[in-house]
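J.: If you read the sequences in order, they're chains H and S. This note's numbering numbers the first residue of the first sequence as 286 and each following residue consecutively. This note's numbering numbers the first residue of the second sequence as 286 and each following residue consecutively. We put the CB at the ideal spot given by N, CA and C, even for glycine.
Number of protein chains: 2
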Amino acid sequence: MQVLDSEFKPGLAGVVAAETKLSRVDGAIGELIIAGYPLEEIAQQASFEEVVYLLWRGERPSESALEKFTSALAQHRELPQATLTLLEQIAVQKKPAMDALRMAAGTLDLDQAAKPAEEAAIVILARLPTIVAAYHRLVNGERPIKPDSDLSHAANYLYMLTGQRPTKAQIKGMETYLNTVVDHGLNASTFTSRVIIATQTDMLSAVVGGIGALKGPLHGGAPGPALDMVFEIAVAERAEGYLREKIERGDRLMGFGHRVYKVRDPRADVLGAAAQKMFEEMADESPEGFELYKLALTVEEKALELLEEYKPGRKLQTNVEFYTALLLHGLGLPADLFSPTFAVSRAAGWMGHCFEQLETGRIIRPKARYVGEINSKW
Amino acid sequence: MQVLDSEFKPGLAGVVAAETKLSRVDGAIGELIIAGYPLEEIAQQASFEEVVYLLWRGERPSESALEKFTSALAQHRELPQATLTLLEQIAVQKKPAMDALRMAAGTLDLDQAAKPAEEAAIVILARLPTIVAAYHRLVNGERPIKPDSDLSHAANYLYMLTGQRPTKAQIKGMETYLNTVVDHGLNASTFTSRVIIATQTDMLSAVVGGIGALKGPLHGGAPGPALDMVFEIAVAERAEGYLREKIERGDRLMGFGHRVYKVRDPRADVLGAAAQKMFEEMADESPEGFELYKLALTVEEKALELLEEYKPGRKLQTNVEFYTALLLHGLGLPADLFSPTFAVSRAAGWMGHCFEQLETGRIIRPKARYVGEINSKW
Numbered sequence: 286m287q288v289l290d291s292e293f294k295p296g297l298a299g300v301v302a303a304e305t306k307l308s309r310v311d312g313a314i315g316e317l318i319i320a321g322y323p324l325e326e327i328a329q330q331a332s333f334e335e336v337v338y339l340l341w342r343g344e345r346p347s348e349s350a351l352e353k354f355t356s357a358l359a360q361h362r363e364l365p366q367a368t369l370t371l372l373e374q375i376a377v378q379k380k381p382a383m384d385a386l387r388m389a390a391g392t393l394d395l396d397q398a399a400k401p402a403e404e405a406a407i408v409i410l411a412r413l414p415t416i417v418a419a420y421h422r423l424v425n426g427e428r429p430i431k432p433d434s435d436l437s438h439a440a441n442y443l444y445m446l447t448g449q450r451p452t453k454a455q456i457k458g459m460e461t462y463l464n465t466v467v468d469h470g471l472n473a474s475t476f477t478s479r480v481i482i483a484t485q486t487d488m489l490s491a492v493v494g495g496i497g498a499l500k501g502p503l504h505g506g507a508p509g510p511a512l513d514m515v516f517e518i519a520v521a522e523r524a525e526g527y528l529r530e531k532i533e534r535g536d537r538l539m540g541f542g543h544r545v546y547k548v549r550d551p552r553a554d555v556l557g558a559a560a561q562k563m564f565e566e567m568a569d570e571s572p573e574g575f576e577l578y579k580l581a582l583t584v585e586e587k588a589l590e591l592l593e594e595y596k597p598g599r600k601l602q603t604n605v606e607f608y609t610a611l612l613l614h615g616l617g618l619p620a621d622l623f624s625p626t627f628a629v630s631r632a633a634g635w636m637g638h639c640f641e642q643l644e645t646g647r648i649i650r651p652k653a654r655y656v657g658e659i660n661s662k663w
Numbered sequence: 286m287q288v289l290d291s292e293f294k295p296g297l298a299g300v301v302a303a304e305t306k307l308s309r310v311d312g313a314i315g316e317l318i319i320a321g322y323p324l325e326e327i328a329q330q331a332s333f334e335e336v337v338y339l340l341w342r343g344e345r346p347s348e349s350a351l352e353k354f355t356s357a358l359a360q361h362r363e364l365p366q367a368t369l370t371l372l373e374q375i376a377v378q379k380k381p382a383m384d385a386l387r388m389a390a391g392t393l394d395l396d397q398a399a400k401p402a403e404e405a406a407i408v409i410l411a412r413l414p415t416i417v418a419a420y421h422r423l424v425n426g427e428r429p430i431k432p433d434s435d436l437s438h439a440a441n442y443l444y445m446l447t448g449q450r451p452t453k454a455q456i457k458g459m460e461t462y463l464n465t466v467v468d469h470g471l472n473a474s475t476f477t478s479r480v481i482i483a484t485q486t487d488m489l490s491a492v493v494g495g496i497g498a499l500k501g502p503l504h505g506g507a508p509g510p511a512l513d514m515v516f517e518i519a520v521a522e523r524a525e526g527y528l529r530e531k532i533e534r535g536d537r538l539m540g541f542g543h544r545v546y547k548v549r550d551p552r553a554d555v556l557g558a559a560a561q562k563m564f565e566e567m568a569d570e571s572p573e574g575f576e577l578y579k580l581a582l583t584v585e586e587k588a589l590e591l592l593e594e595y596k597p598g599r600k601l602q603t604n605v606e607f608y609t610a611l612l613l614h615g616l617g618l619p620a621d622l623f624s625p626t627f628a629v630s631r632a633a634g635w636m637g638h639c640f641e642q643l644e645t646g647r648i649i650r651p652k653a654r655y656v657g658e659i660n661s662k663w
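(1) Would the region 509 to 516 of chain H and the region 556 to 564 of chain H be scored as touching if the rule is three or more Cβ pairs under 8 Å?
(2) At a CB-CB cut-off below 9 Å, which residues of chain S make contact with Val-555(H)?
(3) Sorted by chain position, which residues of the same chain lie with C-beta nearer than 6 Å to Leu-613(H)'s C-beta, five sequence neighbours on each side aside?
(4) Buried or exposed: which applies to Gly-327(H), given that a residue is buried once 16 or more other Cβ atoms fall within 10 Å of its Cβ?
(5) Would DSSP call Asp-513(H) helix, strand or coil?
(6) Which of the residues in the region 345 to 366 of chain H, read from start to end, lie with their CB under 9 Å from any CB of chain S?
(7) Shortest alpha-carbon distance to Ala-581(S) belongs to which of Gly-615(S), Leu-372(S), Ile-375(S)?
(8) Is the region 493 to 500 of chain S close to the region 346 to 353 of chain S, with three or more CB pairs under 8 Å?
(9) Whose Cβ in chain H lies nearer than 7 Å to the Cβ of Trp-663(S)?
(10) Ordered along the chain, which non-local residues of its own chain (more than five positions away) have a Cβ less than 7 Å from that of Thr-465(H)?
(11) From the DSSP secondary-structure annotation, give me the bridge partner or partners of Thr-603(H).
(12) Could you name each continuous beta strand (DSSP E) segment of 3 residues or more that falls completely within the region 353 to 438 of chain H, going from the start of the chain to the end?
(13) One question on the structure: do Gly-634(S) and Leu-307(S) come within less than 8 Å of each other, judged by their Cβ atoms?
(14) Look at Met-388(S) and Leu-371(S) and say whether their C-beta atoms are less than 8 Å apart.
(15) Taking the alpha-carbon positions, what's the Thr-452(H) to Leu-443(H) distance?
(16) Which same chain residues end up closer than 7 Å to Gln-397(S) when comparing Cβ atoms and leaving out the 5 residues on each side of it in sequence?
(17) If we cut at 8 Å on Cβ distances, does Met-445(S) have a partner in chain H?
(18) I want to see whether chain S comes within less than 8 Å of Lys-500(H), judged by CB atoms only; does it?
(19) Measure the Cβ-Cβ separation of Ala-419(S) and Leu-364(S) and say whether it is below 8 Å.
(20) The beta strand (DSSP E) that contains Ala-559(H), what's its start and end?
(21) Determine whether the Cβ of Met-539(S) lies closer than 8 Å to any Cβ atom of chain H.
(22) On a Cα-Cα basis, can you pick out the residue from Glu-593(H), Leu-577(H), Tyr-527(H), Pro-597(H) that is closest to Gly-617(H)?
(23) Does chain H have any CB closer than 8 Å to the CB of Ala-653(S)?
(24) Whole angstroms are fine: how far does the CA of Gln-455(S) sit from the CA of Asp-569(S)?
(25) I need the straight-line Cα distance from Arg-599(S) to Ser-437(H), nearest angstrom please.
(26) Just checking my contact of Lys-652(H) with Val-300(S) at CB under 8 Å: how many whole Å lie between their CB atoms?
(27) Report all residues from its chain with a CB closer than 7 Å to the CB of Ala-313(H); omit the five preceding and five following residues, and keep chain order.
(28) In whole angstroms, what is the alpha-carbon distance linking Gly-445(S) and Leu-410(S)?
(29) Would Gly-299(H) pass as an interface residue toward chain S - the criterion being a Cβ-Cβ separation below 8 Å?
(30) Could one say the Cβ of Leu-503(H) lies closer than 8 Å to chain S's Cβ atoms, at least one of them?
(31) What residue range is occupied by the uninterrupted beta strand (DSSP E) comprising Ala-588(H)?
(32) Can you tell me whether Arg-534(H) is buried or exposed, with buried defined as 16 or more other CB within 10 angstroms of its CB?
(33) When DSSP labels each residue in this structure, what does Tyr-523(H) get in the three-state scheme?
(34) For chain H, find out if any of its Cβ atoms is closer than 8 Å to the Cβ of Asn-472(S); answer yes or no.
(35) I'd like to check one pair, Arg-362(H) with Pro-429(H): are the Cβ atoms closer than 8 Å?
(36) So, for Lys-478(H): in the same chain, excluding its five sequence neighbours on each side, which residues have a beta-carbon less than 7 Å away from its beta-carbon?
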């Protein structure tokens, strides 16, 4: 087998491994296109169901198609009994939520016969939030709450987490978050899913692989401790002193800067606007939430000002983690639910990429260069 | 982010994605090197534990190091109770063995605290055979058999499958098989494991991803129906007529030909020799096994002769699936255990690649080319 191009590409950096119609990330101009639509066009206007349909089928659904799709998703939310039993046992061990999600997700088609990829995808997407919510409650000593098929995907997720019917503002906040992070080019977890499905294995194998990759600390996008700084600062007056000290110590400011986006991350803009709207609408019922929101804005403003002072020209911007943390915190989600909630959305992107990959009919199989010995004797 | 090389590489064909000291596949000359050793040097001489140590640490173990490694593997074979419970529930659904393996493997560290990669790898490798054997027995209505830490990895696997102490010939047959398929360049499942671990996630996530990829029909190497033809032929006299009819109908002869190897697959040679030895040594206790072996040789000889007659110059050779099926069948394994048994071995290769990938410290993240619309309005 003669192979002409065999230069080693560490990390496959710069190599184009797929063609996609799902999303385009242009870091230089701060733009994210989702299936043809600039993110700003759809993040707050579309429902999550509409965005998923768009990603999976390449076009906006008609009203009746959307109704059918929404209903199919809503009908498949309940977990197999074996998955619930497993979640109870994982909760006893108090495993991190992402580990629980990976383990339980692997079993979520246990009550299903083998299905064509798109039918399998609906069951998987429908059930991931149920797993996350059930585990969250179990690990906190509460009973899981059965899904309500009358609620939208986003609303039902919040409902299963808290047992409370979410307000419109909360639903819109969650939906905007899910829409915003649903796809983002060929990141490591999305690539994982494509590599797996390219063998023509089942959809769930690809999603479980994606969850495993997403768990890794080098995988960007899943929000972590971006808000901790805000909590530590606690009052606006302390912001400048705290931040100066941190920067002078050489610490990185979590929530600022991104590998790809050299200007402002468009997702940060969208989530910032969604957070503003949500916190304002909830100001009466949750004045302390609104206070935290204002504090976060002060910290952000001060941080950007000081970053420009200490690192002029670097143009470090608020990233998606900062506003994700703010928004999800405002929705009552503790930080250990941030990554699983990210997965609940991104799984739709993974599976959209899987459909594309399946259409190519090709396996993904690069080469390795052997650099060891060749003639050892045992 | 300026990217110079952005030619689309469908399937990443010809792209070098990793440097490795684990194995080199040279299809043109029919050679497979495992960590410096030509396969023929180690397949029958080394124990599986020695081969794994060699792959993971890059050198043959000293006697004391081997003892320690063997004992560590032997100590970790028992499954968490939750994994056994899950296997029972999967068996009720009669899921295929590879699905059961993927699901149960995902939970096999449930009783373990987070561990450094190499410690985690030992637990995973130790327990995969226990899962396969337990599920096989459960799905056939039998109780799982507890592992015996006095037996070697290969011997214990056979013991857990059958409840019988395997003979020396059987152990050597299984061990040769495990050694032979332990690593084979950057195939799709191995690449999957590398992509996942490159995010610095946990080892089990990488192995579960590998199992998911291995399940796919486009993933070569896992033996399927290669022996069915031999069973259908049943008596030597029917071989020629059966094969002529099949070739003239345009059917592919399972067990012959390989994408990579243009001459004889070295694994086929090694497994052929192992099968011969095993069937001869077992001829007294299992005369019908020896008869089947002789029939298979007749079928092989006739198939190669006819392939040369009908497709001159194609040089189709007996592939690894043919001798795998023969050897594993001779060990009493039904065909649905072939792929899981392949995974039991290959997982060691996956994890060896994971160690290498972790050492690079790099994430694997190629790019996608966006080919969709860019300015749609919602």
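T.: The relevant details are as follows:
(1) no
(2) The contacting residues do not exist; Val-555(H) stays about 13 Å from chain S at best.
(3) Phe-623
(4) It is Ile, not Gly, that sits at residue 327(H) in the sequence shown. By the 10 Å Cβ count, Ile-327(H) comes out buried.
(5) helix
(6) Arg-345, Pro-365, Gln-366
(7) Gly-615(S)
(8) no
(9) Tyr-322, Glu-326, Ile-327, Gln-330, Ala-331
(10) Leu-324, Ala-328, Arg-552, Val-555, Leu-556
(11) Phe-541(H)
(12) none
(13) yes
(14) yes
(15) 10 Å
(16) Val-408
(17) no
(18) yes
(19) yes
(20) Element bounds for Ala-559(H): not the beta strand (DSSP E) but the alpha helix (DSSP H), 551 to 566.
(21) no
(22) Leu-577(H)
(23) yes
(24) 14 Å
(25) 59 Å
(26) 7 Å
(27) Lys-547
(28) Checking the sequence, you will find Met at residue 445(S) rather than Gly. Each residue's alpha carbon lies about 15 Å from the other.
(29) yes
(30) yes
(31) No beta strand (DSSP E) holds Ala-588(H); the alpha helix (DSSP H) holding it covers 572 to 595.
(32) exposed
(33) In the sequence on display, residue 523(H) carries Arg and not Tyr. Helix.
(34) yes
(35) no
(36) Note that residue 478(H) corresponds to Ser in the displayed sequence, not to Lys. Within the same chain, Ser-478(H) has close Cβ partners Ala-491, Val-492, Gly-494, Gly-495, Trp-635, His-638, Cys-639.
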